[in-house]
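J.: Structure in structure tokens, see below.
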Amino acid sequence: MEASAEALSLPSTLLLLEPVSSNASLLDLDNASHIGGPSLGYGYAPPGLSSPAPGGPGGPGLLDPSWGTWFPGPDSPYTAAQAVVIALVLLCVVVVTFVGNILVCVAVCLVRKLRRPCNYLLVSLAVSDICVAVLVMPMALLHEVFGRWDFGRVMCDLWVSFDVLSCTASILNLCMISVDR
């Protein structure tokens, strides 16, 4: 005995859902407003939403790591293993840059003998490098690993502005240190 949609009183939006093809990528699902709701985003799907992998029904769903579509994503030039290694190396670079420059600032502030005008230029260089580590490197890491920009146009413009500003400040600080020496 089949129940009709009217008998179940389902909302009409559920009846407008289109089937997702077996070859649909997660990017297609993410940008598909026709499947009845807001963007799903990477790594998230409501319970029960899975599309079979190419090769037949009952295959692994979209979030199954063996299928490999959610990480690093369809736009990434890297395999999942390569993306993990690259992400870990770049994350280490970000952390070492941040911690190392914080240590420079703390050393100059705490050690009385280091409080000289020439060292203030080093603190200025350290602060500009901290800005690079905090404002530029994390988004560059994500852009490199995922192969696309997911943060919108405004964040893209801000990121490029922070990149140019922070890197220019570092370069000018290096020029001033070389003139001072």
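Residues 0 to 180 in numbering that gives the first Met the number 0 are what the sequence shown spells out, letter by letter.
The C-beta atom is built at its ideal place from N, Cα and C for all residues, glycine as well.
(1) Use the C-beta contact count for V122: other C-beta atoms within 10 angstroms, 16 or more gives buried, fewer gives exposed.
(2) As a quick exercise: from K112, A82 and D128, pick the residue whose alpha carbon is nearest that of F161.
(3) Is there contact here, the region 147 to 156 with the region 110 to 124, by at least three beta-carbon pairs under 8 Å?
(4) Less than 6 Å between C-beta atoms, sequence neighbours within five positions excluded: which residues of the same chain meet that for N100?
(5) Can you tell me the Cα-Cα spacing of S165 and P73, whole angstroms?
(6) Within this structure, are the beta carbons of M136 and V98 separated by less than 7 Å?
(7) Give a yes or no on whether the C-beta atoms belonging to T167 and A132 are separated by under 7 Å.
(8) Leaving aside the five residues before and after F145 along the sequence, list all residues of the same chain whose C-beta is less than 6 Å from its C-beta, in chain order.
(9) Return the CA-CA distance between L113 and Q81, expressed in angstroms with no decimal places.
(10) Do D179 and C117 have their C-beta atoms closer together than 7 Å?
(11) Among the candidates D149, E143, V105 and S177, whose CA atom is the shortest distance from the CA of A188?
(12) Taking only three categories from DSSP, how would you classify V110?
(13) Work out the CA separation of V84 and I170 for me, nearest whole Å.
(14) Where do the N-terminal and C-terminal ends of the alpha helix (DSSP H) with V153 fall, by residue?
T.: Walking through what the data contain:
(1) buried
(2) D128
(3) no
(4) A125, D128 and I129
(5) 31 Å
(6) no
(7) no
(8) P71, G72 and S75
(9) CA-to-CA, the gap between L113 and Q81 works out to about 43 Å.
(10) yes
(11) Not covered by the structure: residue 188. The range shown for the chain is 0 to 180.
(12) coil
(13) 30 Å
(14) G151 to D179
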